[in-house]
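Asks:
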Ligand code: 1HE
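Numbering (this note's numbering), first residue to last: 2 to 265.
Below is the structure:
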């Protein structure tokens, strides 16, 4: 039971165009209770209304220890199903919303914590981060979208291995597996996540919308349907005034060029 009364279970801070949303139960390793899910939903609504990008972080030494196990002892079956569906709806606000989200990870990124990170568009982990899916040991299954999102990121075989054996994985290995996008030195994932979120916030809004909402759906389509959808999204984004101005800016040499990468 989440008895934390009165305080903010989720912190919220608007830094320029970027909303920084923080899980804020460090004494419980940011375990996600029903009230945390509701607080997260409110923060996400606020971010969608006023920010151009968001960062999701965990306060303290760990990103998130997953589902609050204390609330799941003796839960009626129908409540457990409804609870999972609620996580799906709230995480969907992140994955298929209107603004990009970057997660800043450190320490434990476990179970539902990894599911939350998997619903963000870019994952940045520092060297202290470790990933685990102890559902098998706890007698449960993923319920926060992991069987879809994590399995698509790292493959069902690797996810199944983690769930069956309780194996934990370093940030470096998780990057090689495709589960995260960036690894930073310890203590630097938040700074890097904010920098990346700021970069995404500078994009045209319709481009970001298409990247968040068309690109993943196209992966669920046949090639034929995917190419059709791509042509529609491509045309829709290119006729916006924002696109016209950006294209003109490049032609008039007012826009930044594409730079060669610095990290090779
Ligand atoms: C919790 C939780 C939690 C910590 N629910 N209370 N998740 C897990 O199986 C992960 C369980 N947690 C751990 O393995 C460890 O806590 C950590 C590796 C994350 C961190 O270890 P440590 O030594 O820093 O902390 P701690 O002493 O274990 O925990 C501090 C407190 O947080 C302690 O409570 P206290 O009252 O004794 O101080 C812990 O009981 C509490 N705590 N994690 C409730 N998860 C939608 S389906 C998703 C399915 C899942 O997420 S399965 C994975 C569940």
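We put the CB at the ideal spot given by N, CA and C, even for glycine.
Please tell me whether residue 24 and residue 11 are closer than 8 Å, where the distance is taken between their beta carbons.
Replies: Along the chain shown, read from residue 1 onward, the residue named residue 24 stands at position 23. Along the chain shown, read from residue 1 onward, the residue named residue 11 stands at position 10. Yes, the pair counts as a contact, with Cβ atoms nearer than the cut-off.
Asks: From the DSSP output, in three-state form, read off residue 80 for me.
Replies: On the chain shown, position 79 is the one that residue 80 refers to. Correct three-state label for residue 80: helix.
Asks: Is the closest heavy atom of the ligand 1HE to the C-beta of residue 178 under 7 Å?
Replies: Reading the chain shown from its first residue, position 177 is the one you call residue 178. Result no, Cβ not under 7 Å from the ligand 1HE.
Asks: Given this structure, state the Cα-to-Cα distance separating residue 201 from residue 96, to the nearest angstrom.
Replies: Translated into positions along the chain shown, residue 201 becomes position 200. Translated into positions along the chain shown, residue 96 becomes position 95. Their Cα atoms are separated by approximately 15 Å.
Asks: May I ask you to verify whether the segment 97 to 105 touches the segment 155 to 163, counting CB pairs closer than 8 Å and requiring at least 3?
Replies: Judged by Cβ distances under 8 Å, the segment 97 to 105 makes no contact with the segment 155 to 163, as fewer than three pairs qualify.
Asks: Quick one: residues in its chain with C-beta nearer than 7 Å to the C-beta of residue 55, no 5 flanking neighbours on either side, listed in chain order?
Replies: Taking the chain shown and counting its residues from 1, the one referred to as residue 55 is at position 54. 19, 20, 22, 48, 100, 102 and 198.
Asks: So what does residue 109 bridge to, in DSSP terms?
Replies: Position 108 of the chain shown, counted from the first residue, corresponds to residue 109. Per DSSP, 131.
Asks: Quick check on residue 223: does DSSP put it in helix, strand or coil?
Replies: The count along the chain shown starts at 1 and reaches residue 223 at position 222. Note: residue 223 maps to coil in three-state DSSP.
Asks: Residues in its own chain within less than 6 Å of residue 59 by CB, not counting five upstream and five downstream?
Replies: By one-based count along the chain shown, residue 59 stands at place 58. Cβ within range, chain order: 24, 31 and 65.
Asks: Take every Cβ of the segment 209 to 222, pair it with every Cβ of the segment 130 to 140, and state whether three or more of those distances are shorter than 8 Å.
Replies: Contact fails: fewer than three Cβ-Cβ distances are below 8 Å.
Asks: Mind the definition here: the segment 62 to 76 touches the segment 102 to 119 only if three or more C-beta pairs lie below 8 Å; say whether that holds.
Replies: Segments in contact, yes.
Asks: Using three-state DSSP, classify residue 201 as helix, strand or coil.
Replies: Taking the first residue of the chain shown as position 1, residue 201 is located at position 200. Looking at residue 201 - three-state DSSP - the assignment turns out to be helix.
Asks: Thinking just about the alpha-carbon of each residue, which of 175, 82, 16 and 71 is nearest to the one in residue 52?
Replies: Numbered from its first residue, the chain shown carries residue 52 at position 51. Residue 52 has its Cα closest to that of 16, out of 175, 82, 16 and 71.
Asks: With 16 as the cutoff for other CB atoms within 10 Å, does residue 251 come out buried or exposed?
Replies: Your numbering for residue 251 matches position 250 in the chain shown. The residue is exposed, with fewer than 16 neighbouring Cβ atoms inside 10 Å.
Asks: If you measure from the CB of residue 130, is any heavy atom of the ligand 1HE nearer than 7 Å?
Replies: In the chain shown, counting from the first residue as 1, residue 130 sits at position 129. It does not: the Cβ of residue 130 is nowhere closer than 7 Å to a heavy atom of the ligand 1HE.
Asks: Could you pull the start and end residues of the beta strand (DSSP E) that residue 24 belongs to?
Replies: Reading the chain shown from its first residue, position 23 is the one you call residue 24. That run of the beta strand (DSSP E) goes 19 to 24.
Asks: Given this structure, state the Cα-to-Cα distance separating residue 170 from residue 184, to the nearest angstrom.
Replies: In the chain shown, residue 170 corresponds to position 169, counting from 1. In the chain shown, residue 184 corresponds to position 183, counting from 1. Roughly 13 Å between the two C-alpha positions.
Asks: Measure from the alpha carbon of residue 206 to the alpha carbon of each residue in 241, 153 and 83, then state which is nearest.
Replies: Residue mapping note: residue 206 aligns to position 205 of the chain shown, counting from 1. Here the closest residue by C-alpha is 241.
Asks: Could you tell me how far apart the beta carbons of residue 109 and residue 63 are, in whole angstroms, since I believe they sit closer than 8 Å?
Replies: Here residue 109 is taken as the residue at index 108 of the chain shown, counted from 1. Here residue 63 is taken as the residue at index 62 of the chain shown, counted from 1. Residue 109 to residue 63, Cβ: 4 Å. Contact.
Asks: In chain order, what residues of the same chain lie with their CB nearer than 6 Å to the CB of residue 123, ignoring the 5 residues before and after it?
Replies: Here residue 123 refers to the residue found at position 122 of the chain shown. Here the set comprises 103, 182 and 197.
Asks: Look at residue 188 and residue 127 and say whether their C-beta atoms are less than 8 Å apart.
Replies: As a position in the chain shown, residue 188 is number 187, starting the count at 1. As a position in the chain shown, residue 127 is number 126, starting the count at 1. Cβ distance < 8 Å, so residue 188 and residue 127 count as in contact.
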